[in-house]
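Residues in the sequence shown are numbered consecutively from 460, following the working numbering.
All residues carry an ideal CB built from backbone N, CA and C; glycine is no exception.
All of these numbers come straight from a predicted model, not from anything done at the bench.
One structure is given here, and the rest of the page talks about it.
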Amino acid sequence: MAYRNPIPTVDIIIELRNRAESPIILIERQNPPYGWAIPGGFVDYGESVEQAAIREAKEEVSLDVTLQEQFYVYSDPNRDPRKHTLSVVFIATATGNPQAADDAKNLSIFTVDNLPEHLCFDHDKVLQDYRNYRLNGVRPVLQR
């Protein structure tokens, strides 16, 4: 019997600590689905989610990050139009000047009060939850 399981991914909300308000980095995707996204990607076989998050941050925005905390796991089967994925979302910090690389066509720096439109996947929900957490200390509520 063949099993169909969700594909594990990571997303990294990277706070730039060397800038006022600790803004975050979003990438403009080079591949479909197009639009703005939190840096991240697929977990490789034999890799922990923490290792994947550090690797993906380096590959996409050219920064070494320090993972601060695991924020939440998003697993809605419809979160990614390509296939059923689940994402372990981390909050990380970094300093320096990010540069778009790998499958990031471009990147930009945003405050939580000035996010772009056309966010990919469920990243609008993720960033709403992150904003609420940063402003009010409230974590996302488990979906039932």
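{"Query": "Do you know offhand how far F569's Cα is from I484's?", "Result": "6 Å"}
{"Query": "DSSP has S546 in a bridge; who is on the other side?", "Result": "T468 and Y533"}
{"Query": "Apply the 10 Å Cβ neighbour rule to G499 and answer buried if 16 or more other Cβ atoms are within range, or exposed otherwise.", "Result": "buried"}
{"Query": "Using the beta-carbon count (16 or more within 10 Å), is I466 buried or exposed?", "Result": "exposed"}
{"Query": "Please name the residue in E576, E506 and Y589 whose C-alpha comes closest to that of Y531.", "Result": "Y589"}
{"Query": "Over what stretch of residues does the alpha helix (DSSP H) that includes E519 continue unbroken?", "Result": "V508 to V520"}
{"Query": "Start and end of the beta strand (DSSP E) containing N565?", "Result": "A563 to F569"}
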